[in-house]
Amino acid sequence: MNEGKIIKYYRENAGITQEELGRGICSVTHISKIELGQTHYSPEIILLLSERLNININQEMNAFKNIKQKLDLLHEAIIMQRIQEADSIIDELERNELIHISDFKILYKLIQVRYHHLHGRIAEAYKIIRQLQKDHSNLPSNEGHLFKHVMGILHICNQEYQKAIEILRTINNNEYKNREYYYHLAISYHADNANLMAYTCAEKALQFFKETNNFLRMIDVQMVILIIHSRDKHHSFKDRIKKYDALIQSCDLCNDPERKAIILHNLALEYFRVKEYTSASKIYKQSMGLKKKGTGRYLLSLEGYIQSCLKSNLLSKGELLTLIQEGLAAAEKMKDPIYMHLFKLPLYLVENQESEYFQYLSDHALPFFKMYGQVFFVERFEKELFDYYANTRKLDKAMAIARNVMNAGS
Numbered sequence: 001m002n003e004g005k006i007i008k009y010y011r012e013n014a015g016i017t018q019e020e021l022g023r024g025i026c027s028v029t030h031i032s033k034i035e036l037g038q039t040h041y042s043p044e045i046i047l048l049l050s051e052r053l054n055i056n057i058n059q060e061m062n063a064f065k066n067i068k069q070k071l072d073l074l075h076e077a078i079i080m081q082r083i084q085e086a087d088s089i090i091d092e093l094e095r096n097e098l099i100h101i102s103d104f105k106i107l108y109k110l111i112q113v114r115y116h117h118l119h120g121r122i123a124e125a126y127k128i129i130r131q132l133q134k135d136h137s138n139l140p141s142n143e144g145h146l147f148k149h150v151m152g153i154l155h156i157c158n159q160e161y162q163k164a165i166e167i168l169r170t171i172n173n174n175e176y177k178n179r180e181y182y183y184h185l186a187i188s189y190h191a192d193n194a195n196l197m198a199y200t201c202a203e204k205a206l207q208f209f210k211e212t213n214n215f216l217r218m219i220d221v222q223m224v225i226l227i228i229h230s231r232d233k234h235h236s237f238k239d240r241i242k243k244y245d246a247l248i249q250s251c252d253l254c255n256d257p258e259r260k261a262i263i264l265h266n267l268a269l270e271y272f273r274v275k276e277y278t279s280a281s282k283i284y285k286q287s288m289g290l291k292k293k294g295t296g297r298y299l300l301s302l303e304g305y306i307q308s309c310l311k312s313n314l315l316s317k318g319e320l321l322t323l324i325q326e327g328l329a330a331a332e333k334m335k336d337p338i339y340m341h342l343f344k345l346p347l348y349l350v351e352n353q354e355s356e357y358f359q360y361l362s363d364h365a366l367p368f369f370k371m372y373g374q375v376f377f378v379e380r381f382e383k384e385l386f387d388y389y390a391n392t393r394k395l396d397k398a399m400a401i402a403r404n405v406m407n408a409g410s
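Counting in the UniProt record's numbering, the sequence shown runs from 1 upward without gaps.
Following this line, the structure appears as structure tokens:
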């Protein structure tokens, strides 16, 4: 019956009526039923119709049948993060006009969302997902669960971690075979401070990536597990450092500088947390060297580098001001208030304006980080603010922060 869909597609593309197509071959009624898949028809009629449309029906049918296979290969390439392979398959699919009349056009759109996300084109991903949101409740089982997975990923991009958890938890892994979604659940739970659930999901994701020989994604999950362990006081710092070093070596073996940059950033953060600021600054600088200037990831490492240098007096006031201005200029260009706050704060410290620093932190930066679920920055700056209030004998304010922390953890 797919022959009818193909005939209709090329007839409409050619701008001819059913009567014009069927003239001397068969009736308009028969053409209509062929196109709708409501009648049986002889191969001879299909051959005559395709010749009139100047198409090779056998080639078109083969291309039509290969759509699902190509979509499965594309989705696998995206999950495995084989970017060149994904680029090649998407180019091939975009040249196949029949995909838009196939039974897999919704599947194609959902995988396109993942493809745009893979390349960091979030705005384009949202354009497609908005087209699908109205009818997502009527999707077949596999497409329905893929829709939930895709929405969860986009919620994570927006740092809407609770929304991501809510939708990802409704996926049925008996019906949806891509257990990669456990990785995205792990990220969301960790960001929401639910570390036990984060660890459980990370272990499930790691098992899935081992089963599918997805080495790059195994690195990603192992890094998430290390980040979760960093919140566990009973977990060995030295052991984590050894594991970070092993992940860095794995990135070198895979020739993956982007992953290496992320791992270096998190390793620097480990040193920063234990107040080894000189080591942290060196590793932040290594991470910056592997990132594109002006991007969000670069700015995070730049901020870490500035803070480490401030705390260890590694740079002069002039050098620090130059770096801060670089960060502020990039943040303003991006119009991102998170980075604007992050780079306004060290300005006060460089100018020895400690009280103004904590006033700005209390009145502007910290409320913003809380509002937008920036868990790491909330934890970091609440501790700073608590220590400041305790040291300056503002005990009521210190206790208020302590109560907030206890309530958040309960």
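We put the beta carbon where it would ideally sit given N, CA and C, even for glycine. Nothing here was measured: the structure is a model prediction, and the numbers come from that model.
| message | What does the alpha-carbon distance come out to for the pair L349 and Y357? | response | 7 Å
| query | DSSP state of G152, grouped into three classes? | reply | helix
| field | Alpha carbon of K370 to alpha carbon of I262, nearest angstrom | value | 24 Å
| request: Take L366 as the anchor and find which of K68, N352, E382 has the nearest alpha-carbon. | output: E382
| request: Under 8 Å Cβ to Cβ from A398, same chain only, skipping five residues before and after it: list those, please. | output: F386, Y389, A390
| query | What's the C-alpha gap between D256 and E35? | reply | 50 Å
| task | Look up C157 in the DSSP assignment and say whether it is helix, strand or coil. | result | helix
| request: Report yes if the CB atom of H119 is closer than 9 Å to the CB atom of I83, and no otherwise. | output: yes
| message | I believe Y182 touches A198 by the beta-carbon criterion, under 8 Å. Please report the beta-carbon distance rounded to the nearest angstrom. | response | About 10 Å; that fails the 8 Å criterion.
| Is DSSP giving I171 helix, strand or coil here? | coil
| task | Tell me whether S301 is buried or exposed, calling it buried when 16 or more other Cβ atoms sit within 10 Å of its Cβ. | result | buried
| query | What are the boundary residues of the alpha helix (DSSP H) that R52 is part of? | reply | 43 to 52
| Counting pairs of beta carbons, one from the segment 35 to 53 and one from the segment 114 to 133, are three or more of them closer than 8 Å? | no
| field | Closest residue to R217 among I67, E76, E124 (Cα-Cα distance) | value | E76
| said: Only counting the same chain, and skipping five residues up and downstream in sequence, which positions put a Cβ closer than 6 Å to that of E60? | reply: I6
| Residue burial classification, P140 (beta-carbon count within 10 angstroms, cutoff 16) | exposed
| query | According to the Cβ coordinates, are G294 and K333 closer than 9 Å? | reply | yes
| Does the separation of the CB atoms of Y9 and E85 fall below 9 Å? | no
| message | Using a 10 Å radius around the Cβ and a threshold of 16 neighbouring Cβ atoms, would you call C254 buried or exposed? | response | exposed
| query | If you drop the 5 nearest sequence neighbours on each side, which residues of the same chain put their C-beta closer than 8 Å to that of R231? | reply | N195
| Between the CA atoms of C201 and Q222 - distance to the nearest angstrom | 12 Å
| field | alpha helix (DSSP H) segment containing N391, residue limits | value | 375 to 391
| said: Suppose contacts are defined by Cβ-Cβ distances below 9 Å. Is Y284 in contact with L264 by that definition? | reply: yes
| query | If you draw a straight line from the alpha carbon of G15 to that of R52, how long is it in whole angstroms? | reply | 13 Å
| query | In the structure shown, what three-state DSSP assignment does R297 receive? | reply | helix
| request: Taking only the alpha-carbon atoms, compute the straight-line gap between L347 and L321 and give it to the nearest angstrom. | output: 7 Å
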